[in-house]
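Throughout the sequence shown, residue numbering follows numbering that gives the first Met the number 0, covering 0 to 302 in sequence. Note that beta-carbon positions come from the ideal geometry of N, C-alpha and C, so glycine has one too. These numbers were taken from a predicted model, which means no experiment stands behind them.
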Amino acid sequence: MTSDDGNEEIEILIEDPDFAYRRHVPDDPLETARRAACFEMLKNGTGDGSSLVEMTAPCQTPKEWLQSLTTVDFSDPSAVVNLRMDLATNNVPHFDLVTNGEPAFTVTSFPGIMTVDDVPPTKPSAFSSYVPSDHPGLLCLEFTSQSNIFAALHEGETPKPSAAGLPLPSIVLPIGQLRRRYKDTAGIYSIDTEYVLVVDAVADAHPIWLIFDRYIRSHEDPGSYIKPNIVEPVFSGTEKNFDATQVLPSIQDWIQSYGNLDLTQIRDSFQQTGMTGEIRARNVTFGNFLASWNRVTSVDEHK
Numbered sequence: 000m001t002s003d004d005g006n007e008e009i010e011i012l013i014e015d016p017d018f019a020y021r022r023h024v025p026d027d028p029l030e031t032a033r034r035a036a037c038f039e040m041l042k043n044g045t046g047d048g049s050s051l052v053e054m055t056a057p058c059q060t061p062k063e064w065l066q067s068l069t070t071v072d073f074s075d076p077s078a079v080v081n082l083r084m085d086l087a088t089n090n091v092p093h094f095d096l097v098t099n100g101e102p103a104f105t106v107t108s109f110p111g112i113m114t115v116d117d118v119p120p121t122k123p124s125a126f127s128s129y130v131p132s133d134h135p136g137l138l139c140l141e142f143t144s145q146s147n148i149f150a151a152l153h154e155g156e157t158p159k160p161s162a163a164g165l166p167l168p169s170i171v172l173p174i175g176q177l178r179r180r181y182k183d184t185a186g187i188y189s190i191d192t193e194y195v196l197v198v199d200a201v202a203d204a205h206p207i208w209l210i211f212d213r214y215i216r217s218h219e220d221p222g223s224y225i226k227p228n229i230v231e232p233v234f235s236g237t238e239k240n241f242d243a244t245q246v247l248p249s250i251q252d253w254i255q256s257y258g259n260l261d262l263t264q265i266r267d268s269f270q271q272t273g274m275t276g277e278i279r280a281r282n283v284t285f286g287n288f289l290a291s292w293n294r295v296t297s298v299d300e301h302k
């Protein structure tokens, strides 16, 4: 059974076995009530008489949305922003990533979940590394120790490259947060992980990556910071969590295997492409995009 089947499932809030940390799930009663009130106002305002079920019904399947990634121009900010908005306006359900008979790992349709390091200063005179985004649909990734301010201070962890020697994707499109699912007689349990699934926006094949967001819990617990090595490995059969790892070499690989991707199929990739070192996500500038594009073009020309 996959997300495209549309069968009803029960989302239950449970505690992380390793941390006394309350996890957020979309079916929170207060959030549901807030959304219902919002849709009621929209319905009354338009006078079209649409029911709440009709307004919240998926207009696009996850696989259809993924297919649109194969034709979008990632260098066009408006095209990418529209693609991200489709996740919300078309009520795209969560994505199935790993399926062992039934979905074992899913990805939420929430590209805004990733922690962004660039935050506007609260005061005009306050020191800040904030840089406005020239491409609001994408984010720039870099190892914290290699970013300008930390490199100058010689602070941060020294990154450890992957066995395959792949570089960290420089500019990405976030899709959502990785969730681990369990099922028993009481229903389906979903636990959020610290991983955010992203698409490499620069490489021609647009590989799929998982990025460990060490600050992802700070959305609900300010100041929270989690290192990969203190969390139980997310994928069984792997020795540890990585800060970044390539899941699939292309978006087409995910589309073609959607609903049938087994953990054993990506475990080797996880081990071969995993790298460690704290990663920060920040706003993209035109300079970042041009530099990343030129780097990839240069590599391709010498193949």
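DSSP puts residue i in a beta bridge; with which residues?
i                : result
asparagine 186   : The sequence given here has glycine at residue 186, not asparagine. DSSP output for glycine 186 lists Asp183 as bridge partner(s).
alanine 243      : Ile210 and Met274
proline 173      : Val197
phenylalanine 94 : Val106
asparagine 282   : Leu138
lysine 159       : Thr275
arginine 178     : Thr105 and Asp191
Would you give the residue range spanned by the alpha helix (DSSP H) that residue i belongs to?
i             : result
alanine 103   : That residue, alanine 103, is in no alpha helix (DSSP H); its beta strand (DSSP E) goes 101-106.
asparagine 81 : 76-88
glutamine 255 : 250-256
glutamine 66  : 61-67
Where do the ends of the beta strand (DSSP E) carrying residue i lie?
i                 : result
phenylalanine 211 : 207-211
phenylalanine 142 : 138-142
Given a cut-off of 9 Å, decide if residue j and residue i are closer than it, judged by their beta-carbon atoms.
i                 : j              : result
proline 221       : aspartate 242  : no
proline 168       : valine 115     : no
aspartate 72      : threonine 284  : no
isoleucine 254    : threonine 69   : yes
valine 106        : isoleucine 174 : yes
isoleucine 210    : valine 97      : no
isoleucine 170    : arginine 180   : no
leucine 262       : serine 235     : yes
glycine 136       : alanine 204    : no
glutamate 310     : glutamate 156  : With the chain running from 0 to 302 in the structure shown, residue 310 is simply not present.
glutamine 176     : proline 206    : no
phenylalanine 142 : arginine 281   : no
tyrosine 188      : aspartate 212  : no
valine 91         : proline 61     : yes
alanine 163       : threonine 272  : yes
phenylalanine 109 : aspartate 95   : no
methionine 274    : proline 131    : no
glutamine 270     : glutamate 219  : no
leucine 172       : leucine 82     : yes
valine 198        : leucine 140    : no
Counting only beta-carbon atoms, is residue i nearer than 9 Å to chain B?
i             : result
methionine 84 : The chain inventory of the structure shown lacks chain B, comprising one protein chain alone.
### Task
Would you be able to state if there are at least three C-beta pairs under 8 Å between the segment 243-254 and the segment 74-89?
no
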